[in-house]
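Worksheet for the structure shown next.
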Amino acid sequence: MSALVAIPTHEREPLVRHCLSTVAELVLPPGSEVVVFDDASPVMDVERLMHEAGLPVLCHRAEMQRGPSRTSCVMWRHFLDGRHRHLLILDSDMIANRTAVMDGLRLRKGFDGLISLYNSRNHPGLPDGEDRLSKRTVGNAGTLWTRPLAERVLAELGSNQTLVNIDDAYCTLFGQRGVPIVAFERSRVQHLGIVGTNNRYFGGFEHGLGFRPDSDRQALAILAIYDELMSRQEDYVRPPRQRFSPATKLARWLARKVRTARRDRGNGRSRGTFWSDEKNGA
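Numbering (the working numbering), first residue to last: 166 to 447.
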């Protein structure tokens, strides 16, 4: 019944501190491990942060940056090469309830699909029992895996080096294979990052619905992010969209056509553009 808690990291030390602080409080089955997979952080000292959090220093550091999807494959392979039966992927800008893993394992009984401990506002679902939602898609963060699920994803997607969003790919795969996906209606983990690829402006922030801290460390982490957000509100407001007159829009469209036609002539291709001189060979 032991579990591997895998935390992918790349810089953002303040957020990693919050994450490791709450992970150190997790109630875990006997024999479980917490392992950090650092994606070649140039500055952050993960080993020191794990030691300061009171965690055994178990860290795998990439020599060159792989990116999120390839790092996910590394974590799945490490999981399958080891002895644990369950894998929780917890992003480094997340915090977790102390009971998060044990709650997930209770939900696991009698269910062989993918479980997410994170009810993202960006991935809606349908009620599927008490404190449970059925979902078509989830992000990788906060997902609880079994060995057969990890084996299937690696077998069908692991060799594809071009995948940018492997979570989108495996959700599509699971939908095609009839593998169910469920999430807790009340998130057991929460997302703190307000700067990053998926978090730029109000209206697009990631957020775990219904999350309730069950320790002072979790509450303090949320307060720290709230203070950052409210202190720098102007940095998180979406800039107004630039509006152009009809004449300007037409000029911009024509300019794009000219650039495309010139590029195609330089590449020796003809795309049958609307320019009459090109059509007539002039």
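Note that CB positions come from ideal geometry on N, CA and C, so glycine has one too.
Mind checking if Gly278 is an interface residue toward chain D, Cβ cutoff 7 Å exclusive?
In the structure shown, chain D cannot be found, because there is only a single protein chain.
Neighbour-count burial assignment, Phe439, 16 or more Cβ in a 10 Å radius
Taking the first residue of the sequence shown as position 1, residue 439 is located at position 274. Summary for Phe439: the model assigns pLDDT 40, below 50, so the residue's position carries little reliability; its value from the coordinates is reported in the next sentence. Phe439 sits exposed, since fewer than 16 C-beta atoms from the chains shown fall within 10 Å of its C-beta.
Consider the C-beta atom of Arg182 and the heavy atoms of the ligand GTP; say whether any pair is separated by less than 6 Å.
Ligands in the displayed structure: none, and consequently the ligand GTP is not present.
Run the CB neighbour count on Trp418, radius 10 Å, all protein chains shown included, and call it buried at 16 or more, exposed below.
For the purposes of this step, residue 418 is identified with residue 253 of the sequence shown, where counting begins at 1. With fewer than 16 other Cβ atoms from the protein chains shown falling within 10 Å of its own Cβ, Trp418 counts as exposed.
Given 8 Å as the limit, is there contact between the segment 324 to 339 and the segment 372 to 382, that is, 3 or more CB pairs closer than that?
With the cut-off at 8 Å, the segment 324 to 339 and the segment 372 to 382 do not touch.
For Gln355, the three-state DSSP class (helix, strand or coil)
Taking the first residue of the sequence shown as 1, we reach residue 355 at position 190. Strand.
Leu291 (DSSP reduced to helix, strand or coil)
Residue mapping note: residue 291 aligns to position 126 of the sequence shown, counting from 1. It is a strand residue.
Given a cut-off of 7 Å, decide if Leu253 and Leu309 are closer than it, judged by their beta-carbon atoms.
Along the sequence shown, read from residue 1 onward, the residue named residue 309 stands at position 144. Along the sequence shown, read from residue 1 onward, the residue named residue 253 stands at position 88. Yes; because the gap between Cβ atoms is below 7 Å, this pair is in contact.
Measure the CB-CB distance between Val201 and Thr174 and report whether it falls below 7 Å.
In the sequence shown, counting from the first residue as 1, residue 201 sits at position 36. In the sequence shown, counting from the first residue as 1, residue 174 sits at position 9. In this structure, Val201 places its C-beta atom within 7 Å of the C-beta atom of Thr174.
Go through its chain and collect everything with a Cβ distance to Gly368's Cβ below 8 Å, but skip five positions before and after it.
On the sequence shown, position 203 is the one that residue 368 refers to. Exclusion of the five residues before and after Gly368 leaves Arg403 as the residues of its chain whose Cβ lies within less than 8 Å of its Cβ.
Which full runs of the alpha helix (DSSP H) of 4+ residues lie inside the segment 220 to 277, going along the chain?
Secondary structure in the segment 220 to 277: the alpha helix (DSSP H) runs of 4 residues or longer, each lying completely within the stretch, are 233 to 246, 265 to 273 in chain order.
Under the three-state DSSP convention, the category Ala171 falls into
Locating residue 171 in the sequence shown gives position 6, where the first residue counts as 1. Strand, per DSSP.
Exposed or buried, Leu169, counting other C-beta atoms within 10 Å across all chains shown (16 or more means buried)?
Taking the first residue of the sequence shown as position 1, residue 169 is located at position 4. Looking at its Cβ environment, which holds 16 or more other Cβ atoms inside 10 Å, Leu169 is buried.
Please work out which residues of its chain come closer than 6 Å, Cβ to Cβ, to Met240, disregarding the five sequence neighbours upstream and downstream, and give them in chain order.
By one-based count along the sequence shown, residue 240 stands at place 75. If we look at Met240 and ignore the five residues flanking it on each side, its Cβ neighbours are Ala171, Phe202.
Once you ignore the five residues that flank Ala189 on each side, which residues in its own chain have a CB closer than 6 Å to its CB?
Numbered from its first residue, the sequence shown carries residue 189 at position 24. Taking C-beta separations shorter than 6 Å and ignoring five residues to either side along the sequence, the partners of Ala189 in its chain run Ala218, Gly219, Leu220, following chain order.
Take every Cβ of the segment 255 to 266, pair it with every Cβ of the segment 181 to 196, and state whether three or more of those distances are shorter than 8 Å.
The way I'd put it, the segment 255 to 266 does touch the segment 181 to 196; three or more beta-carbon pairs between them come closer than 8 Å.
Beta-carbon gap between Lys533 and Ile346 smaller than 7 Å:
Shown here, the chain extends from 166 to 447; a query on residue 533 therefore has no answer.
In whole angstroms, what is the alpha-carbon distance linking Arg242 and Glu316?
The residue you call residue 242 lines up with position 77 of the sequence shown. The residue you call residue 316 lines up with position 151 of the sequence shown. Their backbone Cα atoms lie some 8 Å apart in a straight line.
In whole angstroms, give me the CA-to-CA distance for Pro245 and Ser237.
For this step, residue 245 is matched to residue 80 along the sequence shown. For this step, residue 237 is matched to residue 72 along the sequence shown. Here the sequence assigns Leu to residue 245, which means Pro is not the residue at that position. When rounded, the distance between both Cα atoms is 12 Å.
How is Ser299 classed by DSSP in three states: helix, strand or coil?
For this step, residue 299 is matched to residue 134 along the sequence shown. For Ser299, the secondary structure class from DSSP, reduced to helix, strand or coil, is strand.
Suppose contacts are defined by Cβ-Cβ distances below 7 Å. Is Ala261 in contact with Tyr283 by that definition?
Taking the first residue of the sequence shown as 1, we reach residue 261 at position 96. Taking the first residue of the sequence shown as 1, we reach residue 283 at position 118. No, the Cβ-Cβ distance between Ala261 and Tyr283 is not below 7 Å.
Backbone CA spacing between Val344 and Pro289 [nearest angstrom]:
By 1-based counting over the sequence shown, the position of residue 344 is 179. By 1-based counting over the sequence shown, the position of residue 289 is 124. Roughly 17 Å between the two C-alpha positions.
What is the rounded straight-line gap between the Cα of His251 and the Cα of Arg428?
Translated into the one-based positions of the sequence shown, residue 251 becomes position 86. Translated into the one-based positions of the sequence shown, residue 428 becomes position 263. If I take the Cα positions, the gap works out to 53 Å.
Hey, Met166 and Ala205: beta-carbon distance below 7 Å or not?
Here residue 166 is taken as the residue at index 1 of the sequence shown, counted from 1. Here residue 205 is taken as the residue at index 40 of the sequence shown, counted from 1. Not in contact: Met166 and Ala205 (Cβ atoms no closer than 7 Å).
On the CB-based measure, 16 or more other CB atoms within 10 Å of its CB, does Met395 come out buried or exposed?
The residue you call residue 395 lines up with position 230 of the sequence shown. Label assigned to Met395: exposed.
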